[in-house]
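Asker: Before anything else, here's the structure in question.
In my numbering, the protein residues as written are 652 to 1025.
Next up, the structure:
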């Protein structure tokens, strides 16, 4: 969707961006990250020609942006900056309506689009439409900025540290909302931040730049955190990059350990007999529709049926949960394993060893032996 080919920007003898090349796929959220002075914002602004490149090519959908009218180019690209960059003298509805009006949409169509977009970002049009930016919180202004950027339904969004001026709690909420919006809208997004944790949370792809706009690595968050390509990247992402990888690696079915399963109503004698050789001291109770009932201890000496001894699960997690969230549940509930479900269907359990194997898998490590996952 977006391709930079040997793009440079020089100001006299000073090099802001040096022969930068990378590709952003259609529907991908690509985060440019690096220290101050590494050319992140300059690169972003060259994509919509707010800054003209000194050399190289920038393609959007195979079209060279330097061959396009810059005004028309910008009207087809959403652009979000800190605090949303709203016009302070215009009401919220008028801010959101900016690009549709420039494109000549009729009033009815504009009004309908404004209402739709404000609802999309979680703002009631009747409550917020007639307010001015100074009457909004920082997080609300930022959401209006996103709504305005989506005004004409552009395929590309450029976001320049949009959440950098809000408090950490609001920032986390805005990040979560952006991911929800992206899941619905599937835009191609280039997002600038200096925060590697924000990059890891949001990105499908991270582009790490060093001073002078030098490309150090372009890869998935798991690869950047797990296999830094250069000493600069390793230093930039920090010594705790292994912990951060927990947040960008999801639980997959192949990561799970499969202890014995027994049906409700089974006698404890039969449960122990059926689980013999499984090298597990406990079994998961699953009904005939594959739904979790709980677990039982297979220790000898207990009689009766499974129903007499079943223990309810304190927590269960859906497939696709991040390893960080899964580990958090284990620690919060003080359990050594947690069952994983897909809808109502039980799939297996995540153990500390299985979690470690998933981390190894996320950077192309050898798959674990299932017996090691206990």
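Even glycine gets a Cβ: it sits at the ideal position worked out from N, Cα and C.
Among the candidates 775, 760, 684, 732, whose CA atom is the shortest distance from the CA of residue 743?
Answerer: Per the Cα distances, 775.
Asker: Just how far apart, CA to CA, sit residue 1035 and residue 810?
Answerer: Residue 1035 lies beyond the range of the chain shown here (652 to 1025); nothing can be said about it.
Asker: With C-beta atoms as the reference, is residue 971 less than 7 Å away from residue 901?
Answerer: Going by C-beta atoms, residue 971 is nearer than 7 Å to residue 901.
Asker: Looking at the structure shown, is residue 784 part of a helix, part of a strand, or coil, going by DSSP?
Answerer: It is helical.
Asker: Between the alpha carbons of residue 823 and residue 924, how many angstroms are there, rounded?
Answerer: Cα to Cα, the separation comes out at about 50 Å.
Asker: On a Cα-Cα basis, can you pick out the residue from 1005, 1006, 1007, 968 that is closest to residue 990?
Answerer: Nearest C-alpha to residue 990: 968.
Asker: Residue range of the beta strand (DSSP E) that residue 959 falls in?
Answerer: Not the beta strand (DSSP E): residue 959 falls in the alpha helix (DSSP H), residues 957-960.
Asker: Does the beta carbon of residue 878 come closer than 7 Å to any beta carbon on chain C?
Answerer: The structure shown contains no chain C; it holds only a single protein chain.
Asker: Buried or exposed: where does residue 685 fall if 16 or more other Cβ atoms within 10 Å of its Cβ makes it buried?
Answerer: Per the 10 Å Cβ criterion, buried.
Asker: Smallest Cα separation from residue 721: which of 702, 712, 708?
Answerer: The candidate whose alpha carbon is nearest that of residue 721 is 702.
Asker: Is it buried or exposed, residue 723, if we count other Cβ atoms within 10 angstroms and call 16 or more buried?
Answerer: Result: exposed.
Asker: Is there contact here, the stretch 882-901 with the stretch 710-719, by at least three beta-carbon pairs under 8 Å?
Answerer: Because the criterion of three Cβ pairs below 8 Å is not met, the stretch 882-901 and the stretch 710-719 do not touch.
Asker: Determine, using beta-carbon pairs with one atom in the stretch 864-883 and one in the stretch 934-944, whether at least three such pairs fall under 8 Å.
Answerer: No, the stretch 864-883 is not in contact with the stretch 934-944.
Asker: Where do the ends of the beta strand (DSSP E) carrying residue 677 lie?
Answerer: Careful: residue 677 lies outside any beta strand (DSSP E) and carries neither H nor E.
Asker: Around the Cβ of residue 1008, are there at least 16 other Cβ atoms within 10 angstroms (buried) or fewer (exposed)?
Answerer: By the neighbour-count rule (16 or more Cβ atoms within 10 Å), residue 1008 is buried.
Asker: Just to confirm my understanding: we take residue 694, look at its own chain, exclude 5 residues before and 5 after, and list those with CB closer than 7 Å. What are they?
Answerer: Correct list, in chain order: 668, 671, 683, 864.
Asker: Below 8 Å on the Cβ atoms is my guess for residue 825 versus residue 798; work out the distance and round it to an integer in Å.
Answerer: 13 Å between Cβ atoms; not a contact.
Asker: Can you give the beta carbon distance from residue 765 to residue 707, rounded, assuming they're within the 8 Å contact cut?
Answerer: Actually they are not in contact, since the Cβ atoms of residue 765 and residue 707 sit about 38 Å apart, beyond 8 Å.
Asker: Whose C-beta lies closer than 8 Å to the C-beta of residue 781 among residues of the same chain, with five residues either side of it excluded?
Answerer: Only 742, 743, 744 meet the Cβ criterion.
Asker: What does DSSP give as the partner residues of residue 708 in its beta bridges?
Answerer: Answer is 656.
Asker: Exposed or buried, what is residue 662 when buried is set at 16 or more other beta-carbons lying within 10 Å of its beta-carbon?
Answerer: It is exposed - the Cβ of residue 662 has fewer than 16 other Cβ atoms within 10 Å.
Asker: Nearest CA to the CA of residue 718: which residue from 699, 736, 732, 729?
Answerer: Looking at the Cα atoms, 699 is the closest of the given residues.
Asker: I'd like to know whether the C-beta atoms of residue 932 and residue 949 end up nearer to each other than 7 Å.
Answerer: A contact, by the Cβ cut-off of 7 Å.
Asker: By how many angstroms is the C-alpha of residue 673 removed from the C-alpha of residue 737?
Answerer: The alpha-carbon atoms of residue 737 and residue 673 are separated by roughly 31 Å.
Asker: Out of 788, 728, 885, 844, which has the shortest C-alpha to C-alpha gap to residue 807?
Answerer: Measuring from the Cα of residue 807, the nearest candidate turns out to be 728.
Asker: Taking the alpha helix (DSSP H) that residue 990 belongs to, which residues open and close that run?
Answerer: Per DSSP, residue 990 belongs to no alpha helix (DSSP H); it is in the beta strand (DSSP E), 989-993.
Asker: Measuring straight from C-alpha to C-alpha, what distance separates residue 828 and residue 676?
Answerer: For residue 828 and residue 676, the distance between alpha carbons rounds to 21 Å.
Asker: May I ask you to verify whether the stretch 783-799 touches the stretch 743-761, counting CB pairs closer than 8 Å and requiring at least 3?
Answerer: These segments touch.
Asker: For residue 898 versus residue 973, is the C-beta spacing smaller than 7 Å?
Answerer: Yes, these two residues count as a Cβ contact at 7 Å.
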